[in-house]
Amino acid sequence: GNSVTQMEGPVTLSEEAFLTINCTYTATGYPSLFWYVQYPGEGLQLLLKATKADDKGSNKGFEATYRKETTSFHLEKGSVQVSDSAVYFCALSTGFQKLVFGTGTRLLVSP
Amino acid sequence: DARVTQTPRHKVTEMGQEVTMRCQPILGHNTVFWYRQTMMQGLELLAYFRNRAPLDDSGMPKDRFSAEMPDATLATLKIQPSEPRDSAVYFCASGPDGPLLEQYFGPGTRLTVT
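If you read the protein sequences in the order shown, they are chains A and B.
When the letters of the first sequence are read in order and numbered with the working numbering, they come out as residues 2 to 112.
When the letters of the second sequence are read in order and numbered with the working numbering, they come out as residues 56 to 169.
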């Protein structure tokens with residue numbers, strides 16, 4: 002079946018550090034891939050997406066590239082801010098708008 | 056700025072009581088999802104609807120949970136009777152039809168069953 006595996010958290014960084022959160026997937030067919038972010042006390046928000054191999058999704062300084070050969074969709078940001086502290090979820094969908102989420106990775110950024 | 060709204064935001068109830076959670080999807084969205092989030096299980100899909108028809112409710116305990124869409128502007132999730140293990144944050148999400156598969160989440164209902 003379809004599944005998403007994310008790195009365990011929390012990820013603890015200082016402000017302006019480089020961020021990578023790993024995500025790999027298993028899927029039948031050709032999935033679309035997503036990163037969602039959840040700030041404390043809020044629902045999930047779509048951060049970025051990619052719908053086919055080699056696509057790069059980007060938003061708010063975050064980027065992720067759809068790598069079919071390694072079945073990965075790692076999230077990166079060149080310089081994190083304290084306001085980026087949140088839980089990040091990788092997700093995939095193979096159709097019918099049903100998303101499969103990873104377990105989430107908590108990011109803590111200190112000043 | 057269109058948003059998914061959920062009521063109530065917080066609910067504390069005693070074991071055995073009925074709980075009803077409501078969701079207003081974004082106008083024009085024809086898919087609606089109910090999720091449950093706990094520390095132990097993470098984010099679980101309970102049910103989802105397309106054009107008000109239930110497509111998949113396999114994640115939902117059938118004996119006590121029920122989900123409906125009385126009309127296009129209202130989705131409900133009911134628990135009867137509630138149990139302490141139902142304590143969680145329940146999210147509703149809606150999405151437009153089409154291949155982009157985006158979902159827009161509400162702020163959630165935090166349920167505590169004592």
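For glycine and all other residues, C-beta sits at the position ideal for the given N, C-alpha and C.
With respect to residue 26/A, residue 32/A sits close: the two C-beta atoms are nearer than 8 Å. Within chain B, no residue has its beta carbon less than 9 Å from that of residue 7/A; the closest one is some 10 Å off. Distance between residue 104/B and residue 86/B, taken at the CA atoms: about 5 Å. Within chain B, the residues whose beta carbon sits less than 8 Å from that of residue 102/A are 97 and 98, listed in sequence order.
The beta carbons of residue 137/B and residue 168/B sit closer together than 8 Å. By the C-beta density criterion, residue 67/B is exposed, having fewer than 16 other C-beta atoms within 10 angstroms. Note on residue 139/B: under 16 other CB atoms within 10 angstroms of its CB, so exposed under the neighbour-count rule. For the pair of segments examined, the segment 65-83 of chain B was found to touch the segment 125-136 of chain B: the number of CB pairs separated by less than 8 Å reaches three.
A buried status is given to residue 7/A, since no fewer than 16 other beta-carbon atoms sit within 10 Å of its beta-carbon.
Inter-residue distance for residue 4/A and residue 21/A is about 20 Å (C-alpha atoms, whole angstroms). The DSSP-derived three-state label of residue 168/B is strand.
Taking the beta carbon of residue 105/A as reference, the chain B residues within 8 Å of it are 97 and 98, listed in sequence order. Relative to the Cα of residue 103/A, the nearest Cα in the group 63/A, 68/A, 84/A and 75/A belongs to 75/A.
Spanning the alpha carbons of residue 68/A and residue 56/A requires a straight line of approximately 8 Å. Against chain A, the CB of residue 114/B has no partner CB under 8 Å away; the residue lies outside that interface. Using a Cβ-Cβ cut-off of 8 Å, residue 79/B does not count as an interface residue toward chain A, since no Cβ of chain A sits closer than that to its own. When secondary structure is reduced to three states using DSSP, residue 141/B falls in the helix class.
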